[in-house]
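Student: My questions all concern the structure below.
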Amino acid sequence: MTDRPTAAVARWNAAHPIGTPVVAYPGFRPEVDKNGMRLVTRTRSAASVLGWHTAVVWVEGHGACIALSHVDPSPTTA
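Residues 6 to 83, numbered by the working numbering, are exactly what the sequence shown covers, in order.
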């Protein structure tokens, strides 16, 4: 069963403040497309729920929000 978006957002925001270094995959995750876009960046917003169905966050260097399922916290500084 997939997680409710509101629970995913609450967990993300509790653990990852704005400015957290992340690796984001705007299209497909590398498990699906090894040639997909990979952004080493930072979050520029708190996570939120988009349209009552998807947990998302905004990152630096990308003009649209990205699903939390496509964002991994990174130990390296972006």
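Glycine included, every Cβ here is placed at the ideal spot set by N, Cα and C. For clarity, every value in this text was computed on a predicted model and none was experimentally measured.
If we ignore side chains and look at the alpha-carbon of each, how far apart do Lys39 and Gly32 end up?
Tutor: Cα to Cα, the separation comes out at about 11 Å.
Student: Between Ala83 and Ile23, what straight-line distance do the alpha-carbon atoms span, to the nearest angstrom?
Tutor: Summary for Ala83: the model assigns pLDDT 48, below 50, so the residue's position carries little reliability, and this model does not support an answer.
Student: Under a Cβ-count criterion, where at least 16 other Cβ atoms within 10 Å of its own Cβ denotes burial, should Thr48 be classed as buried or exposed?
Tutor: Looking at its Cβ environment, which holds 16 or more other Cβ atoms inside 10 Å, Thr48 is buried.
Student: Once DSSP output is grouped into helix, strand and coil, what is the label at Arg47?
Tutor: Arg47: strand per DSSP, three-state reduction.
Student: Tell me whether Ser53 sits in a helix, a strand or coil according to DSSP, three-state version.
Tutor: Correct three-state label for Ser53: strand.
Student: Classify Pro10 as buried or exposed, calling it buried when 16 or more other Cβ atoms lie within 10 Å of its own Cβ.
Tutor: It counts as buried.
Student: Whole angstroms are fine: how far does the CA of Val62 sit from the CA of Arg34?
Tutor: Distance between the alpha carbons of Arg34 and Val62: 16 Å.
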